[in-house]
Every structure is written in C-alpha cells, then in structure tokens.
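Comments concern the structure below.
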Amino acid sequence: MKRILLIGENISRSLSPAMHNGALEYLGLSGEFRYELMPVAPGNFDAEIKKILAAGDVLGFNVTAPYKCEIIKYLDGTDQFVQKCGACNYVKKENGRWFGKNTDGYGFVMPLAKMGLGTSSKKITVMGAGGAARAVVLQLINNGAASITLINRCPEKAAALKSHICAASGFNPEKFIIYSYLELQNDKFSSIMVASDIIVNATSADTGENRLPVLFNAEMFNKNQIIYDLSYIHKTGDDLEDSAKKASAVYIDGKEMLMYQGLVSFVQWTSKKPPTWLLRKIVGEELSTLD
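When the letters of the sequence shown are read in order and numbered with the numbering used here, they come out as residues 198 to 488.
Structure follows, in structure tokens:
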C-alpha cells in the first residue's frame, strides 16, 4: 500500500482525502493507494518533511498552506512553473528522486475556460501573497494579463512575490502594483475594485477573527467583472460573495479549482483518470456535511 499525503497546517476540514479516496475506490485502486492528511505545525516542518521523504511507503504528496514555498528546498527537482512562481503543491517520487510541480495554476484557470471567460488583456487584482497567489499570478501572466495589482497584509511578502515572478516571467514590473491594506482608505480600495476586470481572493481569510481588514459592498463591483474566491468552504456573512452577487458580477468559488488541481495530481500519481463528474459529486456531498 502506497500512501499519498496532504501536508499542511490547518487541514482538518480539507476535502482532498474524500475526493482522492473516492476516486481510488471508483477506479479499483483503493488496495494500492491511500490518501491521508498529514497536519504539520510550522515549528516541526523540517523534521517532519525529512521523515516523510525518507519513508518507503510514500508515493507522493500535496502541499498546502503555509508550506508551498518552503517545500521546494527539500526536493531534488521541480518543473518550470514551480521555478517561475516559487510555489509547489504537488510532489511525486520518480526514479528515486522527489520531483515537484504546481497544479494550482491549471486548477485556477480551468473553471474560467469551461465558462468561456478569458483573462488576456485583463486588469487583475489579487488579494494575498502566499503559495496559491503565486500560482494564480503566474498563470494570469502566462495567459496575457494586462496588469496585476496585489494587495496583502505584509508588503515585504508581496514585494518578494513581485520580484521573483517579474524576473522569472519577464512581466513588466511597472504594470505590477503592490499595496498593503494599511495604505488603502475606503475610497482608494473601492477605486481599485471598480477598475479591475478580475478580482481574486487568494487569502485564507474568513468572516471571523481572521477576516480581511476591508469591507466589500455591491458598489465596488459590476456585471462585467469576475470575482473569484479560491476558498471552497462557504462563509456565513461573506460580504465579498454577497456584494459580488448583488452587483450581478460573475462569482466563482474554489470548488472547481480544487477538483481540477486534484485531478491533475491524481493522474500523475496513478496514471489513471477519474471522471470529473465523480470528483464534482464527492466535493458537493462533502461540502453539504460542512454547512
């Protein structure tokens, strides 16, 4: 039995085990592979990842917050997308070497493509500067984004993202603007939202103590915009979702992104492809139990 892991910090509510194990069972592979959660506290990451890489029964793993950048230095190699964005969410042991890829970019853009929504020549605003944001920004640049505005609590983290991706991709740094929330008064924040074609929430913020330090309202959005929240767990009282829908903007949550990034990982681990309807069904059923 080979184990496939999800490595992250706050992962108890992750739908990835249900999705992957359901697909394994459907394809008759549950006797060969098992997908498991591997929660790791930040202070233990170095020791735990070394144990995982030395374990003989681990085929590979997904990586989620806050380790998508940190994992790279432990790997034997990565693909170009990882090198350019500086974040990795997929790892497999191939010929005795641990090789990392990033499936988040593909997962992010596929729902847009399926809906016939293009990103070329669009003005993009991204909130967040973690591993998911790095993949999203690079994917949007690869797809021809006209400009990127990045808003983050920590300006140093945002600056590191900008520097790395602009240097790696050749994107014009003058078209890549950074703000911290502290710099933005309500009118300035509203003007950024109004001027954007696509707005992405790539943070782990919720509607409680960990909420974003800004408030959204319907006047910030319009029917020609795409509002994309990478979170797939419904947040009661979510002013971003409520405001986007009141403004008749296209609102997309992270369920399809989860499915598509997971699908690519699954195929590369097992060489088998589960049907998308199955993954969508599992995700929907699991989410209904969280409400």
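Beta carbons: idealized from backbone N, C-alpha and C, even for Gly.
Report the residue from Ser440, Gly225 and Asn398 whose alpha carbon sits nearest the alpha carbon of Ala329. Taking the first residue of the sequence shown as position 1, residue 329 is located at position 132. Ranking the options by Cα distance to Ala329, first place goes to Asn398.
DSSP beta-bridge partners of Phe258: Translated into the one-based positions of the sequence shown, residue 258 becomes position 61. As a beta-bridge residue in DSSP terms, Phe258 pairs with Leu202 and Val288.
Can you say whether Asp276 is buried or exposed, counting buried as having 16 or more other CB atoms within 10 angstroms of its CB? By 1-based counting over the sequence shown, the position of residue 276 is 79. Flag for Asp276 reads exposed.
Just grab the DSSP bridge partners of Tyr232 for me. As a position in the sequence shown, residue 232 is number 35, starting the count at 1. Per DSSP, Ile201.
Report all residues from its chain with a CB closer than 7 Å to the CB of Lys470; omit the five preceding and five following residues, and keep chain order. Translated into the one-based positions of the sequence shown, residue 470 becomes position 273. Beyond the five residues adjoining it in sequence on each side, Lys470 comes within less than 7 Å, by CB distance, of Val464 in the same chain, given in chain order.
Can Leu335 and Cys282 be called in contact, C-beta distance under 7 Å? Locating residue 335 in the sequence shown gives position 138, counting from the first residue. Locating residue 282 in the sequence shown gives position 85, counting from the first residue. Taking 7 Å as the Cβ cut-off, Leu335 and Cys282 qualify as a contacting pair.
On a Cα-Cα basis, can you pick out the residue from Phe368, Val323 and Gly313 that is closest to Asn339? Within the sequence shown, the letter at position 142 stands for residue 339. Taking Asn339 as reference, the option from Phe368, Val323 and Gly313 with the minimal CA-CA separation is Phe368.
Extent of the continuous alpha helix (DSSP H) run through Leu347: Residue 347 sits at position 150 when you count from the first residue of the sequence shown. No alpha helix (DSSP H) contains Leu347, which is instead part of the beta strand (DSSP E) from Ser344 to Asn349.
Please determine if the stretch 232-247 and the stretch 198-216 are in contact, where contact requires at least 3 C-beta pairs separated by less than 8 Å. Yes: the two stretches touch, three or more of their Cβ pairs being nearer than 8 Å.
Over what stretch of residues does the alpha helix (DSSP H) that includes Asp436 continue unbroken? Position 239 of the sequence shown holds residue 436. Element bounds for Asp436: Asp436 to Lys443.
For Val397, which three-state DSSP category applies? Here residue 397 refers to the residue found at position 200 when the sequence shown is read from its first residue. It is a strand residue.
Mapping the DSSP letters down to three states, classify Arg477 as helix, strand or coil. Stepping through the sequence shown from its first residue, residue 477 is reached at position 280. In the structure shown, Arg477 sits in a helix (DSSP, three-state: H, G or I).
Drop a sphere of 10 angstroms on the beta-carbon of Thr433, count the other beta-carbons inside from all chains shown, and report buried for 16 or more, exposed for fewer. Here residue 433 corresponds to residue number 236 of the sequence shown, with the count starting at 1. By the neighbour-count criterion, in which 16 or more other beta carbons inside 10 Å mark a residue as buried, Thr433 falls on the exposed side.
Between Thr346, Asn299, Phe373 and Gly481, which lies nearest to Lys515 when the distance is taken from Cα to Cα? Any answer about residue 515 is impossible in this case: the structure gives the chain only from 198 up to 488.
Leaving out the 5 sequence neighbours to the left and right, which residues in its chain are closer than 7 Å to Cys363 when beta-carbon positions are compared? Residue mapping note: residue 363 aligns to position 166 of the sequence shown, counting from 1. Correct list, in chain order: Pro370 and Phe373.
Please report the straight-line C-alpha distance between Ala326 and Pro214, rounded to a whole angstrom. One-based indexing of the sequence shown puts residue 326 at position 129. One-based indexing of the sequence shown puts residue 214 at position 17. C-alpha separation (whole angstroms): 26 Å.
Since Phe413 sits in a beta bridge, which residues does DSSP pair it with? Reading the sequence shown from its first residue, position 216 is the one you call residue 413. Phe413 is not bridged to any residue.
Neighbourhood of Met417 by C-beta distance below 7 Å, restricted to the same chain and skipping five residues each side: Against the sequence shown, residue 417 aligns to sequence position 220. The answer, listed in chain order, is Ser387, Met390, Val391 and Ser440.
For the pair the stretch 285-301 and the stretch 314-325, tell me if three or more CB-CB distances fall below 8 Å. Between the stretch 285-301 and the stretch 314-325, the count of Cβ pairs shorter than 8 Å is below three; the stretches do not touch.
Where does Glu453 land, buried or exposed, given buried means 16+ other C-beta within 10 angstroms? Along the sequence shown, read from residue 1 onward, the residue named residue 453 stands at position 256. When all chains shown are included, Glu453 counts as buried.
Could you check if Leu460 is buried or exposed, using at least 16 other CB atoms within 10 Å of its CB as the buried criterion? Residue mapping note: residue 460 aligns to position 263 of the sequence shown, counting from 1. Leu460 is classed as buried because its beta carbon has at least 16 other beta carbons within 10 Å across all chains shown.
Between the CA atoms of Ile246 and Ile449 - distance to the nearest angstrom: Mapped onto the sequence shown, residue 449 falls at position 252. Mapped onto the sequence shown, residue 246 falls at position 49. Distance between the alpha carbons of Ile449 and Ile246 is about 33 Å.
Following the continuous alpha helix (DSSP H) through Tyr378, name the residue where it begins and the one where it ends. Sequence index remark: in the sequence shown, residue 378 carries index 181 (1-based). Where Tyr378 is concerned, there is no enclosing alpha helix (DSSP H), because DSSP gives it neither an H nor an E.
Where does the unbroken alpha helix (DSSP H) through Ile449 begin, and where does it stop? Position 252 of the sequence shown, counted from the start, is the residue given in the question as residue 449. Ile449 -> not in any alpha helix (DSSP H); beta strand (DSSP E) instead, spanning Val447 to Ile449.
Going by the beta-carbon positions, is the gap between Ala332 and Asp301 smaller than 7 Å? On the sequence shown, residue 332 is found 135 positions in, with the first residue counted as 1. On the sequence shown, residue 301 is found 104 positions in, with the first residue counted as 1. One thing to note: Ala332 has its Cβ within 7 Å of the Cβ of Asp301.
Less than 7 Å separating the beta-carbons of Gly451 and Leu427? The residue given as residue 451 occupies position 254 in the sequence shown. The residue given as residue 427 occupies position 230 in the sequence shown. Yes. Within cutoff.
Among the residues of its own chain, which have a CB less than 7 Å from the CB of Asp273, if the five just before and after it don't count? As a first step, residue 273 is located in the sequence shown; it is residue number 76 there, counting from the start. Answer for Asp273: Arg294, Trp295 and Phe296, listed in chain order.
Between which two residues does the alpha helix (DSSP H) harbouring Arg210 extend? The residue labelled residue 210 in the question sits at position 13 within the sequence shown. That residue, Arg210, is in no alpha helix (DSSP H); it is neither H nor E in DSSP.
Extent of the continuous alpha helix (DSSP H) to which Phe305 belongs: On the sequence shown, residue 305 is found 108 positions in, with the first residue counted as 1. Membership of Phe305 in the alpha helix (DSSP H) is indicated by the continuous run Asp301 to Lys311.
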